[in-house]
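A.B. asks: For the protein sequence lines, the chains are P and E, in the order given.
Residue numbers for the first sequence follow my numbering, so the first one is 32 and each next one is one higher.
Residue numbers for the second sequence follow my numbering, so the first one is 32 and each next one is one higher.
There's a structure below that I have some questions on.
Protein chains: 2
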Amino acid sequence: MPRPKTHDDALRVRLLDRAGELLSTEGPGALSLRRLAADVNTSTTAVYSLFGGKPALLDALYEEAFRRFGDRLAELPETDDPVEDIVRIGLTYRESALADPQFYLVMFSKVVPNFTPSDETNAAAAETFTPLVANVGRAVESGLFVDAPLEHIALAMWGMVHGLVSLELNGNLPPGVEIAPAYERAIRAHIEGWRKRS
Amino acid sequence: MPRPKTHDDALRVRLLDRAGELLSTEGPGALSLRRLAADVNTSTTAVYSLFGGKPALLDALYEEAFRRFGDRLAELPETDDPVEDIVRIGLTYRESALADPQFYLVMFSKVVPNFTPSDETNAAAAETFTPLVANVGRAVESGLFVDAPLEHIALAMWGMVHGLVSLELNGNLPPGVEIAPAYERAIRAHIEGWRKRS
DNA sequence: CGAGTTTTATAACACTGTTGCGATAGAATG
DNA sequence: CATTCTATCGCAACAGTGTTATAAAACTCG
């Protein structure tokens with residue numbers, strides 16, 4: 032009896048895709064509901080019936096961004112050397128962030144006002160953490176690292192990697208520092224700090 | 032011959048103060064020009080004649096935030112032990128950020144759209160870096176640290192400290208981790224990584 | 001073919017930053 | 001003392017935002 036639904040799942044992914052494009056190419060300022068709706072030939076109502084509002088749309092985007100991010104980290108092959116694998120994860124972290132800075136900003140910066148990720152998506156985001164924890168676990172078990180809680184060691188590493196990338200993307204690096212070599216050196220030095228002294 | 036100026040320097044600081052209050056107490060969403068102007072009994076024009084617009088107002092706030100931040104770090108007394116001084120800087124960094132999270136967000140997060148700090152304020156912000164560099168310099172000169180560029184070592188430390196604080200404030204910490212002890216432990220481990228092996 | 005019902009597009013609302021215009025208030029002049 | 005001048009400031013209009021209420025659209029069923 033009703034008119035046919037056009038606010039279906041296909042439209043949902045089209046909106047999500049276009050929103051990601053707008054974010055990546057023109058930045059957060061260009062991502063308005065009117066613009067988004069016009070670009071996919073629908074009305075702003077679609078965002079409300081499919082997501083529930085702009086914050087909810089951002090939440091879906093946030094989840095998508097973390098999923099991609101986690102995939103890139105999980106794709107890394109596991110070698111015999113957990114320490115070298117940890118270095119790889121750190122380098123991949125930066126590469127992923129630089130590959131799509133706007134998505135990184137959605138994940139870790141408050142680019143959109145009145146948007147705070149839901150608890151569920153935050154939990155999903157935390158899973159990005161697991162590859163690193165796993166490799167740190169291998170290193171501890173091998174007796175390479177000191178006997179500290181896995182999460183502490185992994186968190187420290189993630190913090191440094193995340194912090195350096197954030198500073199770089201925000202333009203807060205001190206002038207005259209070439210970041211790429213400093214970045215890898217920092218990772219290796221940090222790892223050295225958790226090595227067990229013999 | 033004209034009517035008396037009320038958009039003077041006193042009003043400038045009142046606007047800046049109130050803007051900081053609004054940011055700290057109610058968040059970036061509450062910082063609108065109309066609200067701000069009403070709170071200090073003037074009109075929105077004041078912001079334009081005194082600053083030049085909202086981004087320029089934020090720029091002034093950004094500078095102020097970094098000044099406070101730098102002051103707290105510079106106030107730390109210098110002891111005989113540069114390594115312990117570095118730990119102190121790291122702990123103070125976190126305390127300062129937690130003392131006024133909203134200001135921290137203005138400094139390192141893109142909380143307000145269409146605001147990017149000017150080159151001048153960015154340069155001023157970079158000076159926050161110097162106390163850490165100085166202490167790292169002392170540690171290198173004493174032969175405690177490996178012979179790497181000062182800026183590299185200091186940047187790595189700043190990155191970790193900054194990253195951990197950012198993750199904490201953004202709510203991106205993995206669940207079930209007590210951050211305070213992990214934080215100090217991370218700093219000490221990282222320092223250990225730059226220690227010269229004997 | 002018309003009544004009913006669900007779904008969608010349109011328009012109104014409250015708000016934002018920004019800008020141009022006109023009212024204002026005092027000093028200089030007649 | 002009144003008038004003119006003029007820099008200065010407050011108000012209102014403009015274009016834009018997210019959100020919400022309303023009304024039109026489109027199909028099925030009687």
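Here a beta-carbon is modelled for each residue, glycine too, at the ideal position from N, C-alpha and C.
Source: prediction; values computed, not measured.
Determine, using beta carbons only, whether P113 of chain P and N166 of chain P come nearer to each other than 8 Å.
C.D. replies: yes
A.B. asks: Could you give the uninterrupted runs of the alpha helix (DSSP H) lying entirely in the stretch 128–200 of chain E, keeping only those of 4 residues or more?
C.D. replies: 132–139, 150–157, 161–172
A.B. asks: Helix, strand or coil: how does DSSP classify R125 of chain E here?
C.D. replies: helix
A.B. asks: Can you tell which of P:I120, P:I222, P:D102 has the C-alpha that lies nearest to the C-alpha of T110 of chain P?
C.D. replies: P:I120
A.B. asks: Tell me which residues share the same chain as A96 of chain E and place their Cβ nearer than 7 Å to its Cβ, disregarding the 5 neighbours each side in the sequence.
C.D. replies: F134, V137, M138
A.B. asks: Tell me which residues share the same chain as S173 of chain P and place their Cβ nearer than 7 Å to its Cβ, disregarding the 5 neighbours each side in the sequence.
C.D. replies: P113
A.B. asks: Bridge partners of R226 of chain E, per DSSP?
C.D. replies: Answer by DSSP bridge pairing, in chain order: E:F176.
A.B. asks: If you draw a straight line from the C-alpha of V164 of chain E to the C-alpha of L181 of chain E, how long is it?
C.D. replies: 6 Å
A.B. asks: Decide if the stretch 206–222 of chain P is in contact with the stretch 59–76 of chain E; the criterion is three or more beta carbon pairs, one per stretch, under 8 Å apart.
C.D. replies: no
A.B. asks: Might you give, ordered along the chain, the residues of its own chain that have their beta carbon closer than 6 Å to the beta carbon of I117 of chain P, omitting 5 neighbours on each side?
C.D. replies: N166
A.B. asks: Please decide whether P120 of chain P counts as near chain E, where near means a Cβ-Cβ distance under 8 Å.
C.D. replies: In the sequence as displayed, the identity of residue 120 of chain P is Ile instead of Pro. So no, I120 of chain P is outside the interface.
A.B. asks: For a quick check, are the C-beta atoms of A128 of chain E and L54 of chain E less than 8 Å apart?
C.D. replies: no
A.B. asks: So L62 of chain P is in the alpha helix (DSSP H); what residue range does that whole segment cover?
C.D. replies: No alpha helix (DSSP H) holds L62 of chain P; DSSP gives it neither H nor E.
A.B. asks: Is DSSP giving D39 of chain E helix, strand or coil here?
C.D. replies: In the structure shown, D39 of chain E sits in coil (DSSP, three-state: anything other than H, G, I, E or B).
A.B. asks: Using CA coordinates, which residue listed in P:D70, P:V171, P:V192, P:P162 is at the minimum distance from D102 of chain P?
C.D. replies: P:P162
A.B. asks: Cutting at 7 Å between CB atoms, please list the residues of its own chain near R169 of chain P, excluding the five before and the five after it.
C.D. replies: By the criterion of a C-beta distance shorter than 7 Å, R169 of chain P is surrounded in its chain by P113, once the five residues flanking it on both sides are discounted.
A.B. asks: For the stretch 185–199 of chain E against the stretch 185–194 of chain P, do three or more pairs of beta-carbon atoms, one drawn from each stretch, fall closer than 8 Å, so that the two count as touching?
C.D. replies: Yes: at least three Cβ pairs fall under 8 Å.
A.B. asks: Return the residue from the list E:Y79, E:T123, E:E94 that minimises the CA-CA distance to P148 of chain E.
C.D. replies: E:E94
A.B. asks: So, helix, strand or coil for R34 of chain P, using DSSP?
C.D. replies: coil
A.B. asks: Would you mind sorting T152 of chain P into buried or exposed? The rule is 16 or more other CB atoms within 10 Å of its CB.
C.D. replies: So T152 of chain P counts as buried.
A.B. asks: Contact criterion: CB-CB distance below 8 Å. Does R216 of chain E meet it with respect to chain P?
C.D. replies: yes
A.B. asks: Under three-state DSSP, which class holds D112 of chain E?
C.D. replies: coil
A.B. asks: Below 7 Å CB to CB, which residues in the same chain sit around R45 of chain E once its five sequence neighbours on both sides are set aside?
C.D. replies: V71
A.B. asks: Tell me which same chain residues have a C-beta within less than 7 Å of the C-beta of W189 of chain E, skipping the five on either side of it?
C.D. replies: Take W189 of chain E, set aside five residues on each side of it, and the residues of its chain with a beta-carbon closer than 7 Å to its own are F160, L163, in chain order.
A.B. asks: Should L136 of chain E be flagged as near chain P, meaning a C-beta pair shorter than 8 Å?
C.D. replies: Put simply, the CB of L136 of chain E is near chain P, with a gap under 8 Å to one of its CB atoms.
A.B. asks: Under DSSP, the alpha helix (DSSP H) around L81 of chain P begins and ends at which residues?
C.D. replies: 76–81
A.B. asks: Taking 8 Å as the CB-CB cut-off, is G60 of chain E touching chain P?
C.D. replies: yes
A.B. asks: Whole angstroms is fine: what's the gap from R49 of chain E's alpha carbon to S63 of chain E's?
C.D. replies: 11 Å
A.B. asks: Looking at the secondary structure, which residues open and close the alpha helix (DSSP H) in which E95 of chain E lies?
C.D. replies: 85–105
A.B. asks: Is the Cβ of G51 of chain E closer than 8 Å to any Cβ of chain P?
C.D. replies: no
A.B. asks: Kindly list, in the order they appear in chain P, the residues whose Cβ is closer than 7 Å to that of H38 of chain E.
C.D. replies: Residues of chain P passing the Cβ test: none, with the nearest at roughly 28 Å.
A.B. asks: Between R131 of chain E and the rest of its own chain, which residues show a CB-CB distance below 7 Å, the 5 nearest in sequence each way excluded?
C.D. replies: Rather than Arg, the amino acid found at residue 131 of chain E in this sequence is Asp. Answer for D131 of chain E: S55, listed in chain order.
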